[in-house]
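J.:
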Amino acid sequence: MEQQVRLRYAPSPTGAQHLGGIRTALYNFLFVKKLGGKLILRIEDTDQARYVPGAEEYVINSCKWAGIEFDEGVHIGGPYAPYRQSERKDLYRKFADELIEKGHAYYAFDTPEQLEEMRNRMMAQGNPSPAYDHITRQYMQNSVALSKDEVDLRLKNGEPYVIRIKMPRNEEIKFHDLIRGWVTFNSSQLDDKVLFKSDGMPTYHLANVVDDYLMKITHVVRGEEWLPSAPTHVMTYKMFGWEDVMPSFAHLPLILKPEGNGKLSKRDGDKYGFPLYALDWKEQSISGLKEKGFLPEAFINFIAFLGWNPGTEQEVFTKEELIAAFSFERIGKSGARFDPEKAKWFNQQHIKLKTGEELANLLIPYLEQKNITFDLEYLVKVCNVMKDRAVFIPDLYEAGTYFFQDIASYDEDTIRKKWKVEKREIFVNLINKIESITNFTEPEIEATVKLFMKENNIGMGEIMPILRLALAGGLQGPPVFATMDVLGKNISVARLHKSIKIFDNFQ
RNA sequence: GGCCCGUUCAUCUAGGGGUUAGGAUACAAGAUUUUCAUUCUUGGUACAGGGGUUCGAUUCCCCUACGGGCUACCA
């Protein structure tokens, strides 16, 4: 019988999680949904020095907004609780001890100063990257180099120590990566990583392997920055005798900065004039795509395409479609640069997919924040006529403020260009005609105005810009008749009358 | 420096021993629209370089270059 697919997203709460982090969560989610498995949210907070309060909530909220749902995790519990490594602290020690008993790990008493000295000495000898490895360990303060009596004494005296993995010499470590295929390392190149710190906490390397084992994780999907330490993890599984249940690995290509070199980093913040995060986090001076007016559907669609593609020409995907189309085989191997322009296009596409009602509901929080009052039914109408003109949600309002308040300012240059005094009388007649419409709807208005133009033998170009100017103050916007329909008869007519007075100033 | 992973238009990418190397974004031009936006049409720009293997290489192999990651009692 097939083992149930279980994946985990395991961020460390050291700051705001950017696009890359959410993309990792998303790929985990898509795969789990496609295969009907479980997704776990585990918090890897073994480094108390780097802990940032609020980071955990930020991750949870970001995922929630993006529509990434978990089946188990720190925020919802589950059969393998607790899901926060700091709360699992007591359970790691015995695994470290087990490795020591098996001869796969050892105590190391070296102080930070001694380690520093070792590195300086080796660098002075021409070694640019000194490592605590199978050679170095023989000359250091540890239970491999020291006598048993000495070690026992130090332990008895309560000397601080760490537990290091005893990486074997010259062994080939080969593992299959779902994205990269077979990857090979030689154990002699690997160092004796610390598994258990002197503060009583495990390091990532131990906690990660132990928890994945305990939580029956079947696939480890994480960023490419983990590839160099993957062989250490593979070796750890082997040392525990867990090879038969070792998860599959998938190391994702990194997301690169919009400009310049390097991977996207937590410290990139807002420096590109475009949010690189899902949500605002004011205390950390971080602004989010949500607050910018991104739709979560567009957000996941876009980040999914950063490194993955379906192999077809379809680009606009709903969440369900992404789940159906997703596979690791179609993830690329090279890093992808984040492109704000393409991101905007995705948002525009998803806005077009929404109904006026849906858009109105998304716009409401923005309007409330700006203290703009509105009628829901009216708002829906505005959204319907504005949606082809919006890239971000606030554009629905910002590109058509004249739907909500008096015209703030008229485009004077255009008035000078389009307004002809000799047409004044005919324009007044047209206004009267419009005022006489009883059924004030787009088709009615259009029929009336067009009939008027025909009777008076005037062209569209002579009258439409004037109407638009009178109703919207400028030359952009939805079709004039639709605009009047939305505005309603009272306001439309009032603005037309008022415009005459304004135009009169431009003889 | 060492180890590992990469390299197709400006960007995201498809493709794969013989193709006019395809799509999308951005950009430009045109059409539609009374305007803007939408939509549609058209256009330019890409297989990092050098060696092999082969009748033939962008595709397979090697080397070089370039890019990236890692190189902590951080994850």
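At position 235 of the first sequence the residue is numbered 234 (numbering that gives the first Met the number 0), and the sequence of numbers has no breaks.
Glycine included, C-beta positions come from ideal geometry on N, C-alpha and C.
1) Roughly how many whole angstroms lie between the Cα atoms of GLN3 and ARG83?
2) Please check the pair HIS17 and TYR276, which I expect to be a contact at CB under 8 Å, by giving their CB distance rounded to whole angstroms.
3) What number of angstroms, rounded off, separates the C-alpha of ARG467 from the C-alpha of LYS500?
4) For the candidate residues LYS369, ILE363, GLN368 and LYS488, whose alpha-carbon lies nearest to that of LEU514?
5) Counting C-beta neighbours from all protein chains within 10 Å, is the total for PRO78 16 or more, i.e. buried, or is it exposed?
6) In or out: GLU224 buried (at least 16 other Cβ within 10 Å) or exposed?
7) If you draw a straight line from the alpha carbon of ILE330 to that of ALA65, how long is it in whole angstroms?
8) Based on the DSSP secondary-structure assignment, which residues constitute the bridge partners of ASN308?
9) Could you pull out every residue in the same chain whose Cβ sits closer than 7 Å to the Cβ of MET238, ignoring the five residues on either side in sequence?
10) Starting from HIS175 and walking both ways along the beta strand (DSSP E), at which residues does that stretch end?
11) Indicate, with yes or no, if the ligand MG has a heavy atom lying under 8 Å from the CB of ASP70.
12) Can you tell me whether VAL193 is helix, strand or coil according to DSSP?
13) Excluding the 5 residues flanking GLU443 on each side, which residues of the same chain have their C-beta closer than 7 Å to its C-beta?
14) Thinking C-beta only, is ILE392 closer than 9 Å to PHE426?
15) Which two residues bound the contiguous alpha helix (DSSP H) that contains LEU29?
16) What whole-angstrom Cβ distance do PHE337 and LEU288 have, given they're in contact under 8 Å?
17) Measure the beta-carbon distance from GLU55 to ILE42 and round it to whole angstroms, keeping in mind my assumption that it falls under 8 Å.
18) Could you spell out the range, first to last residue, of the alpha helix (DSSP H) harbouring VAL384?
19) From PRO477 to TYR57, what does the alpha carbon distance come to, in whole angstroms?
20) Work out the CA separation of THR135 and ASN521 for me, nearest whole Å.
21) Express the C-alpha separation of ARG388 and GLY473 in angstroms, rounding to a whole number.
22) Relative to the C-alpha of VAL379, which residue among VAL390, PHE402 and ASP412 is closest?
23) Hey, is the stretch 197 to 212 in contact with the stretch 132 to 147, meaning 3+ C-beta pairs nearer than 8 Å?
24) Reducing DSSP to helix, strand and coil, say where VAL4 ends up.
25) Give the DSSP-derived three-state secondary structure of TRP241 in the structure shown.
26) DSSP state of ILE162, grouped into three classes?
27) Roughly how many angstroms separate the alpha carbons of ASP96 and ASN346, rounded to a whole number?
28) Do the CB positions of LEU253 and ASN60 come within less than 9 Å of each other?
29) Among residues of its own chain, excluding the 5 on either side of LYS165, which ones have a beta-carbon nearer than 6 Å to its beta-carbon?
30) Rounded to whole angstroms, what's the CA-CA distance from LEU152 to ASP89? Just pull it up for me.
31) Counting Cβ pairs closer than 8 Å, one from the stretch 104 to 121 and one from the stretch 144 to 163, do we hit at least three?
32) Quick check on the DSSP output: what are the complete alpha helix (DSSP H) runs of length 4 or more inside the stretch 414 to 448, in order along the chain?
33) Where in the stretch 68 to 135 do unbroken runs of the beta strand (DSSP E), each at least 3 residues long, occur, reported from the N-terminal end onward?
T.: Short version:
1) 23 Å
2) 5 Å
3) 15 Å
4) Nothing about residue 514 can be read from this structure; the chain reaches only from 0 to 506.
5) exposed
6) exposed
7) 20 Å
8) The partner list for ASN308 (beta bridge, DSSP) is empty, contrary to what the question assumes.
9) LEU98, LYS101 and HIS103
10) 171 to 176
11) Here there are no bound small molecules, and the ligand MG is not part of this structure.
12) Reduced to three states, the DSSP call for VAL193 is strand.
13) ILE436
14) no
15) 18 to 34
16) That belief does not hold up - the Cβ atoms of PHE337 and LEU288 are roughly 11 Å apart, past 8 Å.
17) 6 Å
18) 375 to 385
19) Between the C-alpha atoms of PRO477 and TYR57 there is a straight-line separation of about 39 Å.
20) Residue 521 lies beyond the residue range present for the chain, which begins at 0 and ends at 506; the question has no answer from this structure.
21) 15 Å
22) Shortest Cα-Cα distance from VAL379 to any of VAL390, PHE402 and ASP412 involves PHE402.
23) no
24) Coil at VAL4, not helix or strand.
25) DSSP, reduced to helix, strand and coil, places TRP241 outside both helices and strands of the structure shown, so it counts as coil.
26) strand
27) 52 Å
28) Taking C-beta atoms as the reference points, LEU253 and ASN60 fail to come closer than 9 Å.
29) HIS103, ALA104 and TYR105
30) 24 Å
31) yes
32) Runs found: 423 to 434.
33) Within the stretch 68 to 135, the complete beta strand (DSSP E) runs of at least 3 residues are 104 to 107.
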